[in-house]
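Everything on this sheet refers to the single structure shown next.
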Amino acid sequence: MIKLLRVDHRLLHGQVVFSWVSALDPDCILVANDDVVKDELRKTTLKLGKPNGVKLVIKNIEDSIEAINTEKTDKYRLMIVVSNVADAVRLARQVEQIHSINLGGTKALPGTHQVTRMIYLTDEEEKLLAGAQENGISVNIQPVPSEAVIEYKPRTGAGKGGNA
């Protein structure tokens with residue numbers, strides 16, 4: 001059962017480990033990221049930060065989709081963490097069990113605009129999220145479980161569609 005699909009550029013850190021794990025009680029965290037899977041140092045760092053009693057799996061996006069769709073993850077209460085909107089939308093588009101995307105933290109970079117205190121998006125990311133919403137995927141902003149859930153609404157003129 002998928003408990004959460006979260007976008008957080010920091011992937012696994014204190015907020016995720018303590019707040020979300022306490023609130024959702026997952027028994028497995030899937031870090032779905034094409035770069036981390038190839039970086040032994042980052043994988044080791046993530047493993048050191050994982051909560052006790054929770055399995056940590058690190059896979060690239062394609063392998064994550066395959067594992068979920070072939071029911072290899074069905075025995076877990078699964079929390080999925082990705083680092084960017086494009087990966088989240090790709091997962092949501094290709095995994096029928098995913099019905100929502102949680103925006104937890106995205107980095108302020110050139111070409112992004114501030115949506116909330118911790119969410120910065122490009123126009124292309126807004127289009128992807130709007131497309132996901134058009135296809136029935138709920139998109140919300142919630143840094144930690146103790147904060148109110150905010151339904152994500154694309155800016156006027158952000159465009160529709162994307163590839164969701």
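Under full-length UniProt numbering, think of the first position of the sequence shown as 1, with each following residue one higher. All C-beta atoms in this analysis are idealised placements derived from N, C-alpha and C, irrespective of residue type, glycine included. What you are looking at is a predicted structure, and each value in this text was computed from that prediction instead of being measured.
Looking at the backbone, the Cα of E124 and that of K107 are separated by about 15 angstroms. CA-to-CA, the gap between E66 and V16 works out to about 24 angstroms. Counting only residues of its own chain and dropping the five nearest sequence neighbours on each side, Q133 has a CB closer than 7 angstroms to the CB of V139. Using a 10 angstroms sphere on the CB of R117, the tally of other CB atoms stays under 16, which defines it as exposed. Per DSSP, D63 lies in no beta strand (DSSP E); the unbroken alpha helix (DSSP H) holding it starts and ends at 61-69. Counting other Cβ atoms within 10 Å of its Cβ, E126 reaches 16 or more and is therefore classed as buried.
The closest CA to that of N102, considering only S22, P26, I150, E40, is found on I150.
Across the structure, K59 and K153 are spaced so that their CA atoms are roughly 30 angstroms apart. Ranking G136, I80, L128 by CA distance to the CA of V7 puts I80 first. Between D27 and K55, the C-beta gap is smaller than 8 angstroms, which places the two residues in contact.
In this chain, the alpha helix (DSSP H) harbouring G131 covers 123-134. The three-state secondary structure of K3, taken from DSSP, is strand. Taking the CA atoms as reference points, V82 sits about 11 angstroms from I29. Approximately 6 angstroms separates the beta-carbon atoms of S19 and P145; this is inside 8 angstroms, confirming the contact.
A straight-line Cα-Cα distance of about 27 angstroms links L48 and A86. The Cβ atoms of G105 and R42 do not sit closer than 8 angstroms to each other.
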